[in-house]
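In UniProt numbering, the protein residues as written are 1 to 235.
Each residue gets a CB set at the ideal place from its N, CA and C atoms; glycine is no exception.
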């Protein structure tokens, strides 16, 4: 093994056996990987890290090795890593500029708020298109002391992946689908007694004046029901 000589400028700046033309290849590699990361985060839909935009995620992922590797790997030079930083910064500025000029492009890249729950119930297809499901929504509702959907007027899924909740005033609370997991797990296919029940698949709430065998939800065609709750939200 060859002994590493400290402060060899060729190795430190460019690396052993590396020409200046290699920096062009580094820039091209970074450009391609930036587009790959952008497509991946945009098409994957789900945003696991709250309050971070797609561009924030790209910068974190794209610059992770570029920033860390030159600190302690002797065969990783500084100038190629700096080229990665400059290309990612240029791509970020360029795409931000295009987004400012074209609102449709910005909405596609960053996403836009979407209503996932209103007085009719929740919209499972909107959740699924963003890599989420009912349990993700209900977990957020439970964190805000929401016992059933009748306590909520609107819920929006923001571009950041966060949920914005708007509550019903106490006098406007109506019977709704419970958010408690143990209640949802005991869903019924047959209505054995008159009462108000909510569809487990979309939250649509119906009053049944008499028992009914295997009723279909008028809104989504769902088959599973639970008794609705009508309690007021504890603030």
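Sort out for me which residues DSSP pairs residue 152 with in a bridge. 167
Under three-state DSSP, which class holds residue 180? coil
Given the structure, does residue 160 come close to the ligand ZN, in the sense that its CB is under 6 Å from one of the ligand's heavy atoms? Among the components of this structure there are no ligands whatsoever, and the ligand ZN is therefore not found.
Kindly indicate which three-state DSSP category residue 231 falls into: helix, strand or coil? coil
In terms of residue numbering, what span does the alpha helix (DSSP H) encompassing residue 236 cover? Any answer about residue 236 is impossible in this case: the structure gives the chain only from 1 up to 235.
Pull up the CB-CB distance for residue 198 and residue 177, whole angstroms please, since I reckon it's below 8 Å. 4 Å
Let me make sure I understand the geometry here. Which of 130, 127, 158 and 122 has the alpha-carbon closest to that of residue 150? 122
Reducing DSSP to helix, strand and coil, say where residue 207 ends up. strand
Comparing alpha-carbon positions, which option in 201, 120, 173 and 92 lies nearest residue 134? 201
Residue of 82, 55, 12 and 212 minimising C-alpha distance to residue 110: 55
Return the Cβ separation of residue 137 and residue 127 in integer angstroms, given the expectation that the two are a contact with Cβ distance under 8 Å. 6 Å
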